[in-house]
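Visitor: One structure, as structure tokens, below. Some questions next.
There are 2 protein chains.
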Amino acid sequence: MTHLLPLADDPAPERADAARNRQAILAAALHLVETRGVACVTMDTVASEAGVGKGTLFRRFESREGLMAAVLNESETAWQASVISGPPPLGPGAPAMERLHAFGHSRLRANLVHADLIAAAGAPGTRSVAALSFANMHVRYLLGELGVTGDLLMLATAVLAPLEMIVLEQQVNREQISLERIEAGWDDLVRRIVGC
Amino acid sequence: MTHLLPLADDPAPERADAARNRQAILAAALHLVETRGVACVTMDTVASEAGVGKGTLFRRFESREGLMAAVLNESETAWQASVISGPPPLGPGAPAMERLHAFGHSRLRANLVHADLIAAAGAPGTRSVAALSFANMHVRYLLGELGVTGDLLMLATAVLAPLEMIVLEQQVNREQISLERIEAGWDDLVRRIVGC
DNA sequence: GGTCGAAACGGACCGCGGTCCGCTTCTATT
DNA sequence: AATAGAAGCGGACCGCGGTCCGTTTCGACC
Numbered sequence: 001m002t003h004l005l006p007l008a009d010d011p012a013p014e015r016a017d018a019a020r021n022r023q024a025i026l027a028a029a030l031h032l033v034e035t036r037g038v039a040c041v042t043m044d045t046v047a048s049e050a051g052v053g054k055g056t057l058f059r060r061f062e063s064r065e066g067l068m069a070a071v072l073n074e075s076e077t078a079w080q081a082s083v084i085s086g087p088p089p090l091g092p093g094a095p096a097m098e099r100l101h102a103f104g105h106s107r108l109r110a111n112l113v114h115a116d117l118i119a120a121a122g123a124p125g126t127r128s129v130a131a132l133s134f135a136n137m138h139v140r141y142l143l144g145e146l147g148v149t150g151d152l153l154m155l156a157t158a159v160l161a162p163l164e165m166i167v168l169e170q171q172v173n174r175e176q177i178s179l180e181r182i183e184a185g186w187d188d189l190v191r192r193i194v195g196c
Numbered sequence: 001m002t003h004l005l006p007l008a009d010d011p012a013p014e015r016a017d018a019a020r021n022r023q024a025i026l027a028a029a030l031h032l033v034e035t036r037g038v039a040c041v042t043m044d045t046v047a048s049e050a051g052v053g054k055g056t057l058f059r060r061f062e063s064r065e066g067l068m069a070a071v072l073n074e075s076e077t078a079w080q081a082s083v084i085s086g087p088p089p090l091g092p093g094a095p096a097m098e099r100l101h102a103f104g105h106s107r108l109r110a111n112l113v114h115a116d117l118i119a120a121a122g123a124p125g126t127r128s129v130a131a132l133s134f135a136n137m138h139v140r141y142l143l144g145e146l147g148v149t150g151d152l153l154m155l156a157t158a159v160l161a162p163l164e165m166i167v168l169e170q171q172v173n174r175e176q177i178s179l180e181r182i183e184a185g186w187d188d189l190v191r192r193i194v195g196c
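Line order of the protein sequences matches chains A and B. Letter 150 of the first sequence, counting from 1, is numbered 150 in the UniProt record's numbering, and no numbers are missing. Letter 77 of the second sequence, counting from 1, is numbered 77 in the UniProt record's numbering, and no numbers are missing.
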């Protein structure tokens, strides 16, 4: 075998025009989301802005949720990168406890900033599974570093659940709770789960 | 003043035909949800089944989410009643810790049973605010009984967050985690939050 | 019972998400 | 360069949630 043979690719490597269209659609969607806000972005608009037919959008991204998830993914990826290899205390280099707190605060803010996009991206499962379980995996790792014993998967879920948009939405918009109080409450939660 | 005078009613007491229609709509919706499943229930169907125009549905229930929330509310009310005045350990009479665990398990199951209806009822805020904060208030009360100190509102939120449908959905459908493990994980969480 | 304003009604209508299928474009092969 | 057929394309079309407004019904008051 030579280096010209395709090495363990996907069985169907994307065709050139398809790739071009995917890029065009993604760029158009991102632009429209930024300028008009998520709510005002219709599939027809994205299609015409990208200069493709509507069918193409749905073949590439499955649904509106899928497209929004793809847009969201752009910033999510950057955020993940800063968790994995950015400067401390979010990135590696700081003590695990500091990293965990930085993680929570950062995630909290990221969720609030992209609130409407996250809502439009819909239930997890539409977003890539890998992206979704990243947070859980990272928290599990940090809890391990802190010497926490028990069902770490469950504990990580418990730590992350209060940061979910649906919960934050209720607290911020409905109950008018300040960001500081939410952060403090989350810090307390972490302390109780880790400590003792 | 006599007993014939309306006592501190809403300013606009519902007209007779309006009340009749509300009942008919709710009954039709409930029936259709039970027989065909939430996903197959369209507003047109409910309207014709109830023998009213579509406009009436939307005037009474605001949106599809609102209608589904109203349907969901029927069973939620019953559940709340059993928490407030049902038999122990869920109702009053048992030690606070037992009640709390019973509460969590009961809520967990209720959420899973009505999963699709809850999803269709959409974000909180569509459902009545009272109904939504009931769980939080109850948990806060139980935590107080247990002598927990701190920001009880935040702690109650932390206790309830892992029971939210969006979290459970991920665990049950995506990660295939058993109900027992979820319950055990939640029990552990409660112990850590209360204890120490 | 008759009158009148307000409230409720209902179905035609709209926009959007999503599908379908005949046509076009790409690329592997010779 | 020619070819063939798979992959991609696009826009007409559909169903559903939601709105609008001319018409009907209610019930308070005379």
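Glycine included, every Cβ here is placed at the ideal spot set by N, Cα and C.
1. Determine the extent of the alpha helix (DSSP H) in which G185 (chain B) is found, giving its start and end residues.
2. Using the beta-carbon of each residue, which ones in chain A are nearer than 9 angstroms to M137 (chain B)?
3. Rounded to whole angstroms, what's the CA-CA distance from V38 (chain A) to G122 (chain B)? Just pull it up for me.
4. Is V52 (chain B) buried or exposed, if buried means 16 or more other CB atoms sit within 10 Å of its CB?
5. Do L112 (chain A) and A102 (chain A) come within 8 angstroms of each other at the CB atom, strictly closer than that value?
6. Among B:L30, B:L163, B:N136, which has the Cα closest to the Cα of N73 (chain B)?
7. So if I threshold CB-CB distances at 8 angstroms, which residues from the UniProt domain "HTH tetR-type" (19–79) of chain B count as touching chain A?
8. Is it buried or exposed for R20 (chain A), if we count other Cβ within 10 angstroms and need 16 for buried?
9. In the DSSP assignment, what residue or residues form a beta bridge with P92 (chain B)?
10. At a cut-off of 7 angstroms, would you count M137 (chain B) as near the ligand ADP, judging by its Cβ distance to the nearest heavy atom?
11. Under 8 angstroms, with one C-beta from each stretch per pair, do the stretch 160–167 of chain B and the stretch 150–163 of chain A reach the 3-pair mark?
12. For S82 (chain A), I'd like the list of residues in its chain whose CB is within less than 7 angstroms of its CB, leaving aside the five on either flank, ordered along the chain.
13. Is there a Cβ of chain A sitting closer than 8 angstroms to that of D188 (chain B), yes or no?
14. Near D44 (chain A), what residues of its chain come up, given a Cβ to Cβ distance below 7 angstroms and the 5 sequence neighbours on each side ignored?
15. Taking C-beta to C-beta, are A78 (chain A) and A50 (chain A) nearer than 8 angstroms?
16. Compute the Euclidean distance between the alpha carbons of G144 (chain B) and A135 (chain B), then round it to the nearest angstrom.
17. Step through the CB atoms of chain B and report whether any lies within less than 8 angstroms of the CB of A158 (chain A).
18. Report the residues of the stretch 160–188 of chain A with a CB closer than 9 angstroms to any CB of chain B, ordered along the chain.
19. Using the beta-carbon count (16 or more within 10 Å), is R22 (chain A) buried or exposed?
20. Does M154 (chain A) get closer than 8 angstroms to chain B when you measure Cβ to Cβ?
21. What residue ranges within the stretch 27–79 of chain B form continuous alpha helix (DSSP H) runs of no fewer than 4 residues, ordered along the chain?
22. Below 8 angstroms on C-beta distance, what does I193 (chain A) contact in chain B?
23. How is V148 (chain B) classed by DSSP in three states: helix, strand or coil?
24. Within 8 angstroms of any Cβ in chain A, is that where the Cβ of A96 (chain B) sits?
Guide: The structure says:
1. Annotation for G185 (chain B): the continuous alpha helix (DSSP H) segment containing it runs 179–194.
2. Those within 9 angstroms of M137 (chain B) in chain A number zero; the least Cβ separation is about 12 angstroms.
3. 18 angstroms
4. buried
5. no
6. B:L30
7. none
8. Exposed, by the Cβ-count rule.
9. B:A94
10. Although the ligand ADP was asked about, the structure shown includes no ligands whatsoever.
11. yes
12. Closer than 7 angstroms at the Cβ level, and outside the excluded window around S82 (chain A), lie L90, G91.
13. yes
14. K54
15. no
16. 14 angstroms
17. For A158 (chain A), the answer is yes, since a Cβ of chain B falls inside 8 angstroms of its Cβ.
18. Those residues of the stretch 160–188 of chain A that come within reach of chain B (Cβ to Cβ, closer than 9 angstroms) are L160, A161, P162, L163, E164, M165, I166, V167, E169, Q170, Q171, N173, R174, E175, I177, R181, I182, A184, G185, W186, D188.
19. buried
20. yes
21. 43–50, 54–61
22. L189, R192, I193, listed in chain order.
23. coil
24. With a threshold of 8 angstroms between beta carbons, A96 (chain B) makes no contact with chain A.
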